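**Student:** Here the sequence shown stands for residues 1 to 131, where the numbers follow the UniProt record's numbering.
First the structure, then my questions, so here it is.
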Amino acid sequence: MWGVSEDEVLKAGVVKYGTNAWKQVAASMFSDRRSWRDCKERFELITEKIWTMEDDDRLVREVKKFHCNVHWATIALVMKRPLESCRNRYFSPTKIQTPAFKKALGSNSIKIRKSARRTHVASGMKKKLEL
């Protein structure tokens, strides 16, 4: 759990070292109590901009491009947002207000992916049992 004082220390570290030196930020500002990844992800969360309806529509379009094999890292680059933020936004229908998003969630795309995953795992187990 991050405290307010740690957020301030993190911001100071980013000002001092920049947004591409997360190992230095973690080592010098937190004495290795926080990993570079912790620092990077926390900074992205506390500096994240608000989602707009246009952002939601764009997120839906980007996810549809990948069909069932969603590459969240690629989508995060396109959206210029943290990977976790994009994925969480997509799978949290209560946050989405756009008609396009509601339509995408109304389809069985998510249910199909989950059942396809179960079928794939089950077929793999069946093959192991046959050996």
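All C-beta atoms, glycine included, are put in the ideal place defined by N, C-alpha and C.
Source: prediction; values computed, not measured.
Quick check on DSSP: helix, strand or coil for N108?
**Tutor:** Low confidence applies to N108: its pLDDT is 42, below 50, so where it sits in the model is not reliable, and the reading given next is rough at best. Correct three-state label for N108: coil.
**Student:** What are the boundary residues of the alpha helix (DSSP H) that includes G3?
**Tutor:** Counting along the chain, G3 falls outside any alpha helix (DSSP H), and DSSP gives it neither H nor E.
**Student:** One question on the structure: do M29 and L45 come within less than 9 Å of each other, judged by their Cβ atoms?
**Tutor:** Cβ distance not < 9 Å, so M29 and L45 don't count as in contact.
**Student:** Beta-carbon separation of E48 and R81 under 9 Å?
**Tutor:** Yes. Within cutoff.
**Student:** Determine the DSSP secondary structure at N88, reduced to helix, strand or coil.
**Tutor:** Correct three-state label for N88: helix.
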